[in-house]
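Single-structure report; data block below.
Residue numbers (our numbering): 4 to 111.
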């Protein structure tokens, strides 16, 4: 499935409800789902991780839909040639600093 197809699927399924809720509350649901995904990463378990990852994507696409963004073209423009910072495939940027989560999930 292409990004545009996933975006259309979410639009067809949820746009009316999302539009009534509005961008701020829909974005808040996205943040909540991201938190649930991170908890699933901590606990492990493929089924839970798959479900939470799908939920994060669905809520993200809902927000993108409300903002009327063409995510597929934006993604290709930004990442289509590799890393947007170092312009390499694979990325050759220095490692990002990590926080407290790095210790808790480093064994995964």
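Ideal placement from N, C-alpha and C gives every residue a C-beta, glycine not left out.
The structure displayed is predicted, hence computed values, not measured ones.
| Query | Result |
| --- | --- |
| With DSSP as the reference, label residue 64 as helix, strand or coil. | helix |
| Mind checking residue 40: buried by the 16 CB within 10 Å criterion, or exposed? | buried |
| If residue 68 and residue 13 are in contact, beta carbons under 8 Å, what's the gap, nearest whole angstrom? | 6 Å |
| Can you list, in chain order, the residues of its chain whose CB lies under 6 Å from that of residue 75, leaving out five sequence neighbours each side? | 6, 7 |
| Grab me the residues of residue 43's own chain with a C-beta within less than 6 Å of its C-beta, minus the 5 sequence neighbours each way, in chain order. | 51, 52, 55 |
| Taking buried to mean at least 16 other C-beta atoms within 10 Å of its own C-beta, is residue 34 buried or exposed? | exposed |
| Measuring CB to CB, does residue 64 end up less than 8 Å from residue 30? | no |
| Short of 8 Å in beta carbon distance, which residues of its chain neighbour residue 102, apart from the five on each side in sequence? Order them along the chain. | none |
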